[in-house]
Amino acid sequence: MTVPPALRRSALRVRRDTGFLAAGVPLHLALVPVWSWGASVAAGTGTRALALIASVALILLLAPVLTAVQRFRQRALLGVDIPRPTPTPERWSWAAVARRLSLTRTGRRLGYHLVLGPLVAALELSVLAVAAAGLAGALAYGWVWALPVGVRQDWFGYATQTPCYTLAGVALLCVVPWTAGAVARTESRIAWALLGPSRAQRLQERVEYLAGSRTDLIEAVDAERRRIERDLHDGTQQRLVSLAVNLGLALATRPDLPGEAREVLAQAHLEAKEAIAELNDLVRGLHPAVLDDRGLDAALSGLAARVPLPVRLRVDLEERVVPAVESVAYFVISEALTNVTKHARATRAEVTVRRVGKVLRVKVVDDGLGGADASAGTGLSGLAKRVGSVDGTFRVSSPAGGPTTVAAELPCER
Amino acid sequence: MRAVIAEDSVLLRVGLVKVLEMGGFQVAAEVGDGEALLAAVEEHRPELALVDVRMPPGFTDEGVRAAMVIRRRWPGTAVVLLSQYVEEQYAADLLATNTSSVGYLLKQRVADVGDFVEAVRRVADGGTALDPQVVAQLLLRRDSDPLDRLTRREREVLGLMAEGRSNAGIAEALTVSESAVAKHINNIFAKLDLPVIDTDHRRVLAVLRFLGASQA
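Going down the list, the protein sequences come from chains C and R.
Residue numbers in the first sequence follow our numbering, run continuously in steps of one, and reach 415 at the last position.
Residue numbers in the second sequence follow our numbering, run continuously in steps of one, and reach 255 at the last position.
Spelled out as structure tokens, the structure:
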């Protein structure tokens, strides 16, 4: 005989759900004798206080055990994994103990075990009772046949009542899967809410995770910039220099070439040198090697020197800051100075880098036309994003007529 | 004159050998990293070492460090650093001990073969050759008190001195007479409180003072 798959699945589900409910009853009721004993003794006289203390202590001791068993039951019977409120077993510390004993957390647990538990148990019991009654009713013919013949024949209404019992039983059995499933699901949800991590904690974990993954991403981007810089330095730049050197050699060693050929060579020589200069500017903007090697001060002096207007540079750093912040600071100043030379029509600029407490303050001021708009230009909004990536703040002040100030504050510690 | 070359790009090394040979140098060894450079200098005792700043294994300032070792151990070997970018900090490191027989030039300067050979010769003869970009970096530096006393023209002259030019060279670059240059230089010496010893030594001191001030 083949059972239709849908029916088999539903039968399996009923078995699973009712098993889950049956296992829940004793667990949910486990604390009832404890507190009712405490309450009954307390209602009497004499050892009132002691009994209260004993029952409270017993409840507090049993609660974690029950929580663990409930978690196991949810996982083993329903396949529901309720996350632990503190997922990683952290180092022993007072903070960890405090979190473990925190009022809200303990309160939520006790609420689950003392108040909701008995209520859920009542629900579970009624579902199980319905199932049992349904089963008994559906098998009414079996019971009847098991009775001695005399009793059966003497039994009033045997032919009329038994089919009614059977029908009622089957009807009840039809309701069981639905109610058992609903109760099991509801219980899981309640357990998840009260035994799992709280919303605040879930959010905190999420924030930690996102912060971590963002840091990884920033580091990956920085590493990529370094790699590109290195590849260009070792490859294209050397090739171009070599080309320029060879063209220079040709010019120097062959003064006998016809005028036209010399002119072409000279032109090629010039263009090669210009290409080198352009590529240098581009590559240098990516990530200068000296930044890793000697830090912000050294890298910025090289940057300032290549700007075609006087730049006053003040770097006031006692010690180096973390590479990610150095990199962002360098990038901000590099881009800001590029903007100054491209758009500001300034005659001079001033760069200040200062560490104030846990913040690195970066400021680029020029005496140009002003009117720079942080929201319009892709350059400035890109800078704002880059600063935001390390939780920094970014500010542009550029009234029409100047001066323009680009300032960033970058937190140096995380 | 004998020279050794330390440059990790093989392509560029070939070019450098040709340029040096054109300038009358005899290339005793070509190597690709700092360690090998020190070994080559030890072996050949050349008059000149032409050194790339960024070399294996770290690709940061290996050349600068090797150059400083050479300056200390073999003072007879002049050192010219070559780099894709010139960094003031490296220049300051290199010049902190002694400003004679050192050069620090951008790689792209090699392409102007004549000027480059001249600069290298100057260094090999005990002079200095700083890339204009290094000098520019040094000149724009922050609160350099003694330098604030100099006039703009005097700063220009000092910059050209730091590049390693002679009075004639400075006069040519600024299109002024040589005697005007000499006058500026004397003013610089006076303003930087440099004692009257021999002029050449004072030139070096002025450049050193200049660097010292810019490092403050």
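No residue lacks a Cβ here, since even glycine has one placed at the ideal position from N, Cα and C.
The structure displayed is predicted, hence computed values, not measured ones.
Go ahead and label residue i buried or exposed: buried means 16 or more other beta carbons lie within 10 angstroms of its beta carbon, across all protein chains shown.
i, result
"residue 289 of chain C", "buried"
"residue 62 of chain C", "exposed"
"residue 229 of chain C", "exposed"
"residue 39 of chain C", "buried"
"residue 19 of chain C", "buried"
"residue 359 of chain C", "exposed"
"residue 182 of chain R", "Because residue 182 of chain R sits at a pLDDT of 47, beneath the cut-off of 50, its placement in the model cannot be relied upon, and the point is left open."
"residue 146 of chain R", "buried"
"residue 109 of chain R", "buried"
"residue 13 of chain C", "exposed"
"residue 142 of chain R", "buried"
"residue 122 of chain R", "buried"
"residue 175 of chain C", "exposed"
"residue 81 of chain R", "exposed"
"residue 115 of chain R", "exposed"
"residue 165 of chain C", "exposed"
"residue 4 of chain C", "exposed"
"residue 73 of chain C", "exposed"
"residue 294 of chain C", "buried"
"residue 236 of chain C", "exposed"
"residue 143 of chain C", "exposed"
"residue 151 of chain C", "exposed"
Report the partner residues of residue i according to the DSSP bridge assignment.
i, result
"residue 127 of chain C", "Paired residues: none, contrary to the question."
"residue 315 of chain C", "C:353"
"residue 410 of chain C", "C:362, C:394"
"residue 143 of chain R", "R:120, R:169"
"residue 65 of chain R", "R:41"
"residue 262 of chain R", "Lying outside 40 to 255, the shown extent of chain R, residue 262 of chain R is not represented and no answer is given."
"residue 304 of chain C", "Answer by DSSP bridge pairing: none, since residue 304 of chain C is not bridged."
"residue 367 of chain C", "C:350, C:405"
"residue 90 of chain R", "R:45, R:120"
For residue i, which residues from the same chain have a beta carbon less than 7 angstroms from its beta carbon, with the 5 sequence-adjacent residues on both sides left out?
i, result
"residue 189 of chain C", "75, 79, 81"
"residue 160 of chain R", "62"
"residue 286 of chain C", "335"
"residue 49 of chain R", "none"
"residue 114 of chain C", "32, 64, 67"
"residue 55 of chain R", "44, 46, 89, 149"
"residue 193 of chain R", "223, 226, 227"
Would you please state the rounded distance, in angstroms, between the beta carbons of residue i and residue j? I believe it to be under 8 angstroms.
i, j, result
"residue 370 of chain C", "residue 327 of chain C", "The pair is not a contact, with the Cβ atoms about 31 angstroms apart (cut-off 8 angstroms)."
"residue 409 of chain C", "residue 388 of chain C", "5 angstroms"
"residue 71 of chain R", "residue 101 of chain R", "Residue 71 of chain R to residue 101 of chain R, Cβ: 11 angstroms. No contact."
"residue 348 of chain C", "residue 304 of chain C", "About 19 angstroms separates the two Cβ atoms, so there is no contact after all."
"residue 203 of chain R", "residue 166 of chain R", "5 angstroms"
"residue 170 of chain C", "residue 130 of chain C", "About 13 angstroms separates the two Cβ atoms, so there is no contact after all."
"residue 65 of chain R", "residue 84 of chain R", "With a Cβ gap of about 13 angstroms, residue 65 of chain R and residue 84 of chain R do not count as contacting."
"residue 98 of chain R", "residue 231 of chain C", "7 angstroms"
"residue 291 of chain C", "residue 233 of chain C", "Actually they are not in contact, since the Cβ atoms of residue 291 of chain C and residue 233 of chain C sit about 15 angstroms apart, beyond 8 angstroms."
"residue 117 of chain R", "residue 77 of chain R", "Contact flag wrong, Cβ pair sits at about 15 angstroms."
"residue 58 of chain R", "residue 246 of chain C", "6 angstroms"
"residue 84 of chain C", "residue 178 of chain C", "That belief does not hold up - the Cβ atoms of residue 84 of chain C and residue 178 of chain C are roughly 28 angstroms apart, past 8 angstroms."
"residue 144 of chain R", "residue 103 of chain R", "Contact doesn't hold; Cβ gap of about 13 angstroms is too wide."
"residue 139 of chain C", "residue 167 of chain C", "6 angstroms"
"residue 219 of chain C", "residue 390 of chain C", "5 angstroms"
"residue 299 of chain C", "residue 126 of chain R", "6 angstroms"
Counting only the same chain and skipping the five closest in sequence on each side, list residues whose C-beta sits under 6 angstroms from that of residue i.
i, result
"residue 122 of chain C", "26, 29, 30"
"residue 21 of chain C", "78, 79, 185"
"residue 7 of chain C", "none"
Within the same chain, show all residues whose beta-carbon is closer than 8 angstroms to that of residue i, passing over the 5 residues directly before and after it, in chain order.
i, result
"residue 406 of chain C", "364, 365, 366, 396, 397, 398, 399"
"residue 195 of chain C", "109, 110, 112, 113, 117"
"residue 191 of chain C", "113, 117, 121"
"residue 386 of chain C", "none"
"residue 413 of chain C", "322, 323, 326, 356, 359, 360, 361"
"residue 133 of chain R", "103, 106, 107, 110, 118, 120, 141, 143"
"residue 162 of chain R", "87, 117, 118, 119, 140, 141, 142, 168, 203"
"residue 96 of chain R", "72"
"residue 158 of chain R", "119, 142, 144, 148, 168, 203"
Using a Cβ-based criterion (distance less than 6 angstroms to any ligand heavy atom), does residue i qualify as near the ligand PLP?
i, result
"residue 194 of chain C", "Absent from the structure shown: the ligand PLP. Ligands present: none."
What are the residues in the segment 85-108 of chain R lying within 7 angstroms of chain C by C-beta distance?
Across the segment 85-108 of chain R, CB contacts with chain C closer than 7 angstroms involve 93, 98, 99, 100, in sequence order along the chain.
Could you run through the segment 130-159 of chain R and flag, in chain order, every residue whose CB is less than 7 angstroms away from some CB of chain C?
Of all residues in the segment 130-159 of chain R, only 146, 147, 149, 150, 151, 152, 153 place a beta-carbon less than 7 angstroms from a beta-carbon of chain C.
Within 8 angstroms of chain R by C-beta, residues of the segment 234-265 of chain C in sequence order
For the segment 234-265 of chain C, which is checked against every Cβ of chain R, the residues closer than 8 angstroms are 234, 235, 238, 239, 240, 242, 243, 245, 246, 247, 248, 249, 250, 252, 253, 254.
Which residues of the segment 350-377 of chain C have a Cβ closer than 8 angstroms to any Cβ of chain R? Give them in chain order.
Look at the segment 350-377 of chain C: it has no residue with a C-beta under 8 angstroms from a C-beta of chain R.
Taking a cut of 8 angstroms between CB atoms, which residues from the segment 267-283 of chain C lie near chain R?
270, 273, 274, 277, 278, 281
Proximal residues, the segment 114-130 of chain R versus chain C, C-beta separation under 8 angstroms
123, 124, 125, 126, 127, 128, 129
Going along the chain, which residues of the segment 41-59 of chain R sit with their C-beta nearer than 7 angstroms to a C-beta in chain C?
If the cut-off is 7 angstroms between Cβ atoms, the segment 41-59 of chain R has 48, 50, 51, 54, 57, 58 near chain C.
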